[in-house]
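**Q**
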Amino acid sequence: MNFQEAFEKKTWRTAMDWVYKAKKKSKGEVERYKARLVAKGYSQRADIDYDEIFAPVARLETVRLIISLAAQNKWKIHQIDVKSAFLNGVLDEEVYIEQPQGYEVKGEKEKVLKLKKALYGLKQAPRAWNARIDKYFQDKNFIKCPYEHTLYIKAQGGDILIVCLYVDDLIFTGNNPTMFEEFKKEMTKEFEMTDIGLMTYYLDIEVKQEDYGILITQEGYAKEVLKKFKMDDANLVSTPMECGIKLSKHEEGETVDPSLFKSLVGSLRYLTCMRPDILYAVGVLVGYSDSDWGGDVDDRKSTSGFVFYIGNTAFTWMSQKQPIVTLSTCEAEYVEATSCVCHAIWLRNLLKELSLPQKEPTKIFVDNKSAIALAKNPVFHD
5 MNFQEAFEKK
15 TWRTAMDWVY
25 KAKKKSKGEV
35 ERYKARLVAK
45 GYSQRADIDY
55 DEIFAPVARL
65 ETVRLIISLA
75 AQNKWKIHQI
85 DVKSAFLNGV
95 LDEEVYIEQP
105 QGYEVKGEKE
115 KVLKLKKALY
125 GLKQAPRAWN
135 ARIDKYFQDK
145 NFIKCPYEHT
155 LYIKAQGGDI
165 LIVCLYVDDL
175 IFTGNNPTMF
185 EEFKKEMTKE
195 FEMTDIGLMT
205 YYLDIEVKQE
215 DYGILITQEG
225 YAKEVLKKFK
235 MDDANLVSTP
245 MECGIKLSKH
255 EEGETVDPSL
265 FKSLVGSLRY
275 LTCMRPDILY
285 AVGVLVGYSD
295 SDWGGDVDDR
305 KSTSGFVFYI
315 GNTAFTWMSQ
325 KQPIVTLSTC
335 EAEYVEATSC
345 VCHAIWLRNL
355 LKELSLPQKE
365 PTKIFVDNKS
375 AIALAKNPVF
385 HD
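Residue numbers (our numbering): 5 to 386.
1. Between the Cα of N92 and the Cα atoms of I200, W133, S242 and Y37, which residue gives the shortest distance?
2. Residues in the same chain with beta-carbon distance under 6 Å from K118, minus the five sequence neighbours each way, listed in chain order, please.
3. Residues bridged to S252 by DSSP?
4. Decide if R36 is buried, meaning its Cβ has at least 16 other Cβ atoms within 10 Å, or exposed.
5. Does the Cβ of T154 have 16 or more other Cβ atoms within 10 Å, making it buried, or fewer, making it exposed?
6. For K193, does the three-state DSSP call read helix, strand or coil?
7. Counting only the same chain and skipping the five closest in sequence on each side, list residues whose C-beta sits under 6 Å from that of A89.
8. Where does W79 fall in DSSP's three states?
9. In whole angstroms, what is the alpha-carbon distance linking A377 and C334?
10. Distance, Cα to Cα, K139 vs I147?
11. For H82, is the classification buried or exposed, using 16 other Cβ atoms within 10 angstroms of its Cβ as the cut-off for buried?
12. Three or more beta-carbon pairs under 8 Å between the stretch 305-319 and the stretch 335-345, yes or no?
13. List, from N- to C-terminal side, the beta strand (DSSP E) runs of 3 residues or more that fit wholly inside the stretch 143-211.
14. In the stretch 64-140, which residue ranges form an unbroken beta strand (DSSP E) of at least 3 residues, counting only runs that do not cross its ends?
15. Of all the options T243, P361, R273 and D215, which has the alpha carbon lying nearest to the alpha carbon of Q324?
16. Three or more C-beta pairs closer than 8 Å, one from the stretch 102-115 and one from the stretch 212-223: is that the case here?
17. In the DSSP assignment, the alpha helix (DSSP H) including K38 goes from what residue to what residue?
18. Using CA atoms only, rank isn't needed, just tell me which of S271, E98 and E214 is closest to A75.
19. Report all residues from its chain with a CB closer than 8 Å to the CB of I71; omit the five preceding and five following residues, and keep chain order.
20. Identify the continuous beta strand (DSSP E) that holds Y216 and give its terminal residues.
21. The alpha helix (DSSP H) with T320 in it runs from where to where?
22. By DSSP, does T307 sit in helix, in strand, or in coil?
23. Distance, Cα to Cα, E258 vs E223?
24. Using 10 angstroms around the beta-carbon of E108, count the other beta-carbons present and answer buried if the total reaches 16, otherwise exposed.
25. What do you reckon, are the CB atoms on I84 and M183 nearer than 8 Å?
26. Short check: CB of G178 to CB of D163, under 8 Å?
27. Over the uninterrupted alpha helix (DSSP H) stretch that includes K356, give me the two end residues.
28. Tell me, please, which residues DSSP counts as bridged to A50.
29. Measure the C-alpha to C-alpha separation of I166 and S359 and round it to an integer number of angstroms.
30. Does the Cβ-Cβ distance between L41 and P104 come in under 8 Å?
31. How far does the alpha helix (DSSP H) with S271 in it reach, from first residue to last?
32. Taking the alpha helix (DSSP H) that E388 falls in, what are its first and last residues?
33. Where do the N-terminal and C-terminal ends of the alpha helix (DSSP H) with S242 fall, by residue?
34. Where does I376 fall in DSSP's three states?
If you want it as structure tokens, here you go:
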């Protein structure tokens, strides 16, 4: 089929390109060089070239929760990687592509190729892959967690296998190593896999599994961020910012590159997934302030923040500016407590799906007496 025929059939067609990448280890060493044929999906138009593209990925809270549970139960966490995962996705649409460079048919360059499966770069490729792997897990009698759509659980008697999916990286843990081997054997039959062994490096998180516990850091990622923004020679400080400082917009100040600033803030925000101690300072960079009432001097909004522990391990936390302007410290604390309770309900439901139900009520500590009194008063619950 040529381009004109593809156009008349109202099927999507796109150009191709080769992308070269060096895959690195946790310390920055090059593991291998990769060449991948990629579709130029940036030219696609919503509702014309594709419909649904959303594909869920695991929340970092879920990843930390699995690590915490494994550490407390002395389980080992293993990791496998699906090679060229998106190429396994089956397309619902009829898609045509240009002949890729180096593979043109002489005398027929005007013709296009029909895709049977997804390619990297296509907008719908992540969803196609997720649909494929989701169907595989459910066919193998895994139960998909309704509170985390990339978390799958298989229970057999008193044994349990927990699998967490982040695109093409899978981590799994449980109390029976025999189930690990069976799982890897079955996955290898269906997909081309790389057995990484014990989880050591995942989403820029370095993991050390020892007999006494599991240690997680982002040392390599932190060094990359410092180098990227030319801060690798900066002096060390005991605290990341001055305590109690109030920042505001300075309209007359020197303008900054918005792309660079957003990249800096985004890099630091990801660093907070393992560093709750710098969460406050990083939050100020995006307009957050202290957790007191009306802390933002520009829009007078307050900040909600919470942290949850399992045992003595903090595994999920949040610091975020509230979407509304509260009129008192009582209201600000009540809004914050509401967000905290909503997260607690989600965590309890998630743990129940993992066969670890919380039998006792979850205690939420609030340091504002007026907010506590308000919560106890049924008249003012609206």
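Think of the CB as a built atom: it goes at the ideal place given N, C-alpha and C, for glycine as much as any other residue.
**A** Short version:
1. Ranking I200, W133, S242 and Y37 by Cα distance to N92 puts W133 first.
2. Setting aside the 5 residues that flank it on each side, K118 is surrounded in the same chain by Y100, each with a C-beta closer than 6 Å to its C-beta; the list follows chain order.
3. None, per the DSSP bridge assignment.
4. Looking at its Cβ environment, which holds fewer than 16 other Cβ atoms inside 10 Å, R36 is exposed.
5. So T154 ends up on the buried side.
6. DSSP places K193 in helix when its eight states are reduced to three.
7. Closer than 6 Å at the Cβ level, and outside the excluded window around A89, lie W133 and D172.
8. In the structure shown, the three-state DSSP call for W79 is coil.
9. Roughly 9 Å between the two C-alpha positions.
10. Computed Cα separation, rounded: 11 Å.
11. Burial of H82 is indicated by the presence of at least 16 other C-beta atoms within 10 angstroms of its C-beta.
12. Taking 8 Å as the limit for Cβ pairs, the verdict is that the stretch 335-345 does touch the stretch 305-319.
13. As far as the stretch 143-211 is concerned, its whole beta strand (DSSP E) runs of at least 3 residues are 155-160, 163-170, 173-178 and 197-202.
14. DSSP assignment within the stretch 64-140 yields the following whole beta strand (DSSP E) runs of 3 residues or more, N-terminal first: 82-86 and 99-101.
15. Residue R273 is the option with its Cα nearest to Q324.
16. These segments do not touch.
17. That residue, K38, is in no alpha helix (DSSP H); its beta strand (DSSP E) goes V34 to A43.
18. That would be E214, whose Cα lies nearest to the Cα of A75.
19. For I71, where only same-chain residues beyond five positions count, the Cβ hits under 8 Å are I81, V211, I218, I220 and F319.
20. For Y216, there is no enclosing beta strand (DSSP E), since its DSSP letter is neither H nor E.
21. Run containing T320: none in the alpha helix (DSSP H); it sits in the beta strand (DSSP E), T317 to K325.
22. The three-state secondary structure of T307, taken from DSSP, is strand.
23. Spanning the alpha carbons of E258 and E223 requires a straight line of approximately 32 Å.
24. By the neighbour-count rule (16 or more Cβ atoms within 10 Å), E108 is not buried but exposed.
25. No, these two residues do not count as a Cβ contact at 8 Å.
26. Yes, these two residues count as a Cβ contact at 8 Å.
27. For K356, the enclosing alpha helix (DSSP H) stretches over residues T333 to E357.
28. A50 pairs with Y54.
29. Computed Cα separation, rounded: 10 Å.
30. Contact flag set, yes.
31. P262 to L275 is the span of the alpha helix (DSSP H), which, as asked, contains S271.
32. Within the shown structure, residues of the chain are numbered from 5 to 386, placing residue 388 beyond reach of any answer.
33. First-last for S242: undefined, no H or E at that position.
34. In the structure shown, I376 sits in a helix (DSSP, three-state: H, G or I).
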